[in-house]
Amino acid sequence: MEKILDQFQQALLSMDRLEARRILENFNPEQDAMQCVEEIVVPVLERIGDLWEQGQLPLAQIYMSGRICEELVDRYLPPASPQRMDQPNMAIVILEDYHTLGKFIIHSTLRASGIEIQDFGTLDIESLIHKVIANNIKILLVSVLMFSSANHIKELCNRLKQEHPTTRVIVGGAPFRFDSQLWQQVGADAVGTNTAEAIQETFKMIEALT
Amino acid sequence: MSEVKMTSLQRVLTTLGHQEPDRVPLFLLLTMHGAKELGLSIKDYFSRAENVVEGQLRLREKYRHDCYYSFFYGPIEVEAWGGDVIYVEDGPPNSGRPFIRDAAQIKSLVAPDINVPCLRKVLEATASIKATMPDEAPIIGTVMSPFSLPAMQMGFPAYLNLIYEQRDLFWELMEINEEFCVQWANAQIEAGATAICYFDPVSSPTIIGRDDYLKTGYEISQRTIARINGPTATHFASGIGLPIIDDVAKTGTAVVSASALEPLATVKSSCRSKLTVLGNLNGIEMARWTPEQADDKVKSAIAAAGAGGGFILSDNHGEIPWQVSDEVLLAISDAVHRWGTYPLSI
Chain D
36 MEKILDQFQQ
46 ALLSMDRLEA
56 RRILENFNPE
66 QDAMQCVEEI
76 VVPVLERIGD
86 LWEQGQLPLA
96 QIYMSGRICE
106 ELVDRYLPPA
116 SPQRMDQPNM
126 AIVILEDYHT
136 LGKFIIHSTL
146 RASGIEIQDF
156 GTLDIESLIH
166 KVIANNIKIL
176 LVSVLMFSSA
186 NHIKELCNRL
196 KQEHPTTRVI
206 VGGAPFRFDS
216 QLWQQVGADA
226 VGTNTAEAIQ
236 ETFKMIEALT
Chain Z
552 MSEVKMTSLQ
562 RVLTTLGHQE
572 PDRVPLFLLL
582 TMHGAKELGL
592 SIKDYFSRAE
602 NVVEGQLRLR
612 EKYRHDCYYS
622 FFYGPIEVEA
632 WGGDVIYVED
642 GPPNSGRPFI
652 RDAAQIKSLV
662 APDINVPCLR
672 KVLEATASIK
682 ATMPDEAPII
692 GTVMSPFSLP
702 AMQMGFPAYL
712 NLIYEQRDLF
722 WELMEINEEF
732 CVQWANAQIE
742 AGATAICYFD
752 PVSSPTIIGR
762 DDYLKTGYEI
772 SQRTIARING
782 PTATHFASGI
792 GLPIIDDVAK
802 TGTAVVSASA
812 LEPLATVKSS
822 CRSKLTVLGN
832 LNGIEMARWT
842 PEQADDKVKS
852 AIAAAGAGGG
862 FILSDNHGEI
872 PWQVSDEVLL
882 AISDAVHRWG
892 TYPLSI
């Protein structure tokens, strides 16, 4: 199994879509797509996230790997797949700016991990609260690049506690990498400072809520 | 070491020559704090060159640091290209929705004239600072590198797709951006900027691998920096630089930034005699430092990188957050004056 994981990782890092697809097809995802995702895609994406955390891989490769995996997994687990539906309502959003890379990476990685998650795009606090309530979102992932936007998450969390207290908030983005206490200061429930951590925290939260 | 107190410019030039000046130079890369000094909103402050001139003069007098920073805000270049800028009350103006919505637009893209109003303001501010304080302290102008500008022109994900999947179009965009960058940098030098901070976060190994960097950002930097008529400082805006230090040194730049996420002493030893190190105080954490913590962080940074010159103390991002208090900025300045005097005793 370790050899398959190494080969799949190498295919992703070389951006070799055909080889990555061949490895998954050999694993026979038609029979059990979720097993394929859980045993190959998720562990390799976590490994790649860890390598970025250790400074051994650049963000560009994390992004391209997530994108390739998302495309591959969509073939076997389309958005409407019942296997994707057995989870709390989830959404990802960028608060107040148009720096979309972090959100793209996490969105792709989670979808490639078999999780269905709505993409709310870029929103301000007021519009976001409305969408969270309207969609009964239980897990909200908030991505920011700007420090000022990170500080505004405090207002978001306070408002959610009053207006939709069942929503759990996971934050991520550059400011949280540079200050390990910031996520608690803004009142978030968890932080994902890299893709591996974001996946782990999301799975933990799904488990706690189901 | 000199026993005579140097001007800021002499201090910086000495450290750039890898010699010890009278003390470690301090670049407090303050932008929005000028608005606080003048009692203006951030948007109003940046609306007039005169405000920025007055802000920069007051900030340097208050914090006794070693440069004027004629940088207004990151997306000012995007504004020149016709893109949107979003203002907030408590942070830097931010780029709006990317104006290149489809990579095919690159085929017909035309760079803006340097005399568009938003860039004109920067040139006027630069010239005015130069006229008021000639040669007393360096004036640091800024450009976004041709390789990094597309993150704002077209958005980061679309730009990565372009780099990896449409290399021909990528090079077409680079050709346009290089020409604009050189013109913009040289206009600032002509207006009075002493040096240009070449912001190139996409070249950082945080974002792109070394193999890809050598085929892209490195080549582009070599060509662009060679055509800029003054010294440059390559800044990765919080990104790490250590794995490519030797490559960066070959681009012709004089200074490189260090991230708060990399060991400053190691960066300094890798740069010795090749590049001056600029960094690496953590601007995000700085917002909750106490004055005592500020003193401690400055002391540690100077101990790690001060010896032998070739070091300028600054934040690691190239812009100090609005949330950092005057008290902490004063503590940083006091600490540099206390611990940074050569010969170092820490």
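Protein chains in written order, with this note's numbering: chain D, 36 to 245; chain Z, 552 to 897. Yeah, the Cβ is synthetic: ideal placement off N, Cα and C, and Gly gets one too. On a predicted model such as this, the values are computed, not experimentally measured, just so you know.
Can you tell me whether Ala742(Z) is buried or exposed, with buried defined as 16 or more other CB within 10 angstroms of its CB? Here the question's residue 742(Z) lines up with position 191 in the second sequence. That one is buried.
Count the CB pairs spanning the segment 871-879 of chain Z and the segment 181-191 of chain D that are closer than 8 Å, and state whether there are at least three. Yes, they touch.
Partners in chain D for Ile758(Z), counting only beta-carbon separations shorter than 8 Å: In the second sequence, residue 758(Z) corresponds to position 207, counting from 1. Residues of chain D passing the Cβ test: Pro93, Leu94, Ala95.
Got a sec: which bits of the segment 631-649 of chain Z sit with their beta carbon under 8 Å from any beta carbon on chain D, in order along the chain? Those residues of the segment 631-649 of chain Z that come within reach of chain D (Cβ to Cβ, closer than 8 Å) are Ile637, Val639, Asp641, Gly642, Pro643, Asn645, Ser646, Gly647, Arg648, Pro649.
For Asp41(D), go through chain Z and note every residue whose CB falls closer than 8 Å to its CB, in chain order. Sequence index remark: in the first sequence, residue 41(D) carries index 6 (1-based). The contacting residues do not exist; Asp41(D) stays about 19 Å from chain Z at best.
Using a beta-carbon distance cut-off of less than 9 Å, what residues from the segment 170-187 of chain D approach chain Z? Leu180, Met181, Phe182, Ser183, Ser184, Ala185, Asn186, His187
7 Å Cβ shell around Asp159(D) - same chain, five flanking residues per side excluded: Taking the first residue of the first sequence as 1, we reach residue 159(D) at position 124. If the five residues before and after Asp159(D) are omitted, its C-beta is found closer than 7 Å to the C-beta atoms of Glu131, all from its own chain and listed in chain order.
Any beta carbon of chain D sitting closer than 7 Å to that of Ser553(Z)? Locating residue 553(Z) in the second sequence gives position 2, where the first residue counts as 1. Reliability of the predicted coordinates at Ser553(Z) is poor, the pLDDT of 47 falling under 50, and no value is obtained from them.
Measure the CB-CB distance between Glu791(Z) and Glu770(Z) and report whether it falls below 7 Å. Here the question's residue 791(Z) lines up with position 240 in the second sequence. Here the question's residue 770(Z) lines up with position 219 in the second sequence. Inspection of the sequence shows that residue 791(Z) is occupied by Ile rather than by Glu. Their beta carbons are not under 7 Å apart, which means Ile791(Z) does not touch Glu770(Z) by this criterion.
Can you tell me which of the three DSSP states Ala855(Z) falls into? Numbered from its first residue, the second sequence carries residue 855(Z) at position 304. Of the three classes helix, strand and coil, the one that applies to Ala855(Z) here is helix, per DSSP.
Cβ shell of Thr757(Z) (< 6 Å), same chain only, five flanking positions each side left out: Walking along the second sequence from the start, residue 757(Z) turns up at place 206. Cβ neighbours of Thr757(Z) beyond the five flanking positions: Gly790, Ile791.
Is it buried or exposed for His165(D), if we count other Cβ within 10 angstroms and need 16 for buried? Locating residue 165(D) in the first sequence gives position 130, where the first residue counts as 1. When all chains shown are included, His165(D) counts as exposed.
Is the Cβ of Leu136(D) closer than 7 Å to any Cβ of chain Z? As a position in the first sequence, residue 136(D) is number 101, starting the count at 1. Closer than 7 Å to some Cβ of chain Z, the Cβ of Leu136(D) qualifies, so yes.
Looking only at its chain, what residues have a beta carbon closer than 8 Å to the beta carbon of Gly585(Z), apart from the 5 residues adjacent to it on each side? As a working mapping, residue 585(Z) is identified with position 34 in the second sequence. Excluding residues within five positions, the ones whose Cβ falls inside 8 Å are Tyr596, Asn602, Val603, Glu605, Gly606, Gln607, Arg609, Leu610.
Is there a Cβ of chain D sitting closer than 7 Å to that of Glu836(Z), yes or no? Position 285 of the second sequence holds residue 836(Z). Cβ-Cβ to chain D under 7 Å: yes for Glu836(Z).
Taking Pro114(D) as the reference, give the member of Val79(D), Glu242(D), Asp85(D), Arg146(D) with the closest Cα. For the purposes of this step, residue 114(D) is identified with residue 79 of the first sequence, where counting begins at 1. Looking at the Cα atoms, Arg146(D) is the closest of the given residues.
For the segment 152-183 of chain D, which segments carrying the beta strand (DSSP E) assignment without a break, of at least 3 residues, lie completely within its bounds, in sequence order? 153-158, 174-178
With 7 Å as the C-beta to C-beta threshold (strictly closer), list the residues of the segment 704-722 of chain Z near chain D in chain order. Flagged, chain order: Gly706, Phe707, Pro708, Leu711, Tyr715.
Could you tell me whether any Cβ in chain D is nearer than 7 Å to the Cβ of Pro701(Z)? Translated into the one-based positions of the second sequence, residue 701(Z) becomes position 150. Pro701(Z) does not count as touching chain D.
Host alpha helix (DSSP H) of Met50(D) (start-end): The residue labelled residue 50(D) in the question sits at position 15 within the first sequence. Element bounds for Met50(D): n/a, residue is neither H nor E.
Does any CB atom of chain D fall closer than 7 Å to the CB of Pro872(Z)? Locating residue 872(Z) in the second sequence gives position 321, counting from the first residue. True, the Cβ-Cβ gap to chain D drops below 7 Å.
So the candidates are Phe62(D), Thr201(D), Arg52(D), Ser49(D); which of them puts its Cα closest to the Cα of Ile39(D)? Position 4 of the first sequence, counting from 1, holds the residue named residue 39(D). It is Phe62(D).
Should the segment 672-686 of chain Z be regarded as contacting the segment 633-652 of chain Z, the criterion being three or more beta carbon pairs within less than 8 Å? no
Taking only beta-carbon atoms, is Asp109(D) less than 7 Å away from chain Z? Locating residue 109(D) in the first sequence gives position 74, counting from the first residue. By this cut-off, Asp109(D) is not an interface position.
Endpoints, beta strand (DSSP E) assigned at Asn728(Z): Walking along the second sequence from the start, residue 728(Z) turns up at place 177. Asn728(Z) -> not in any beta strand (DSSP E); alpha helix (DSSP H) instead, spanning 718-742.
Given that Ala811(Z) touches chain D, what residues does it touch there, using C-beta distances under 8 Å? Position 260 of the second sequence, counted from the start, is the residue given in the question as residue 811(Z). Correct list: Phe213.
Okay, do the segment 722-739 of chain Z and the segment 659-672 of chain Z touch, 3+ Cβ pairs below 8 Å being the bar? yes
I want to see whether chain Z comes within less than 7 Å of Pro210(D), judged by CB atoms only; does it? Locating residue 210(D) in the first sequence gives position 175, counting from the first residue. Any Cβ of chain Z closer than 7 Å to the Cβ of Pro210(D) would place that residue at the interface, and such an atom is present.
Assess, as a yes-or-no matter, whether the segment 742-752 of chain Z is touched by the segment 80-89 of chain D under the definition of 3 or more beta carbon pairs within less than 8 Å. no
So what's Arg599(Z) in DSSP terms, helix, strand or just coil? Looking up residue 599(Z) in the second sequence gives position 48. Arg599(Z) falls in the coil class under three-state DSSP.
Quick one, which of Leu713(Z), Glu870(Z), Ser851(Z), Leu880(Z) has its alpha-carbon nearest Leu895(Z)'s? Your numbering for residue 895(Z) matches position 344 in the second sequence. Leu895(Z) has its Cα closest to that of Ser851(Z), out of Leu713(Z), Glu870(Z), Ser851(Z), Leu880(Z).
Proximal chain A residues relative to Phe139(D), where beta-carbon distance stays under 7 Å: No chain A appears in this structure, whose protein chains are D and Z.
Which chain Z residues are close to Gly227(D), counting only those with a beta carbon under 7 Å from its beta carbon? The count along the first sequence starts at 1 and reaches residue 227(D) at position 192. In chain order: nothing, as chain Z lies at least about 17 Å away.
Have a look at the DSSP bridge pairing and note the partners of Ile657(Z). What you label residue 657(Z) is simply residue 106 of the second sequence in a count that begins at 1. In DSSP, Ile657(Z) forms no bridge with anything.
According to DSSP, simplified to helix, strand and coil, what is Leu829(Z)? Position 278 of the second sequence holds residue 829(Z). Note: Leu829(Z) maps to strand in three-state DSSP.
Which residues in the same chain as Lys173(D) place their Cβ atom closer than 8 Å to its Cβ, once the five residues preceding and following it in sequence are excluded? Within the first sequence, residue 173(D) is the residue found at index 138, counting from 1. Around Lys173(D): Pro123, Asn124, Met125, Thr201, Thr202, Arg203, Leu244.
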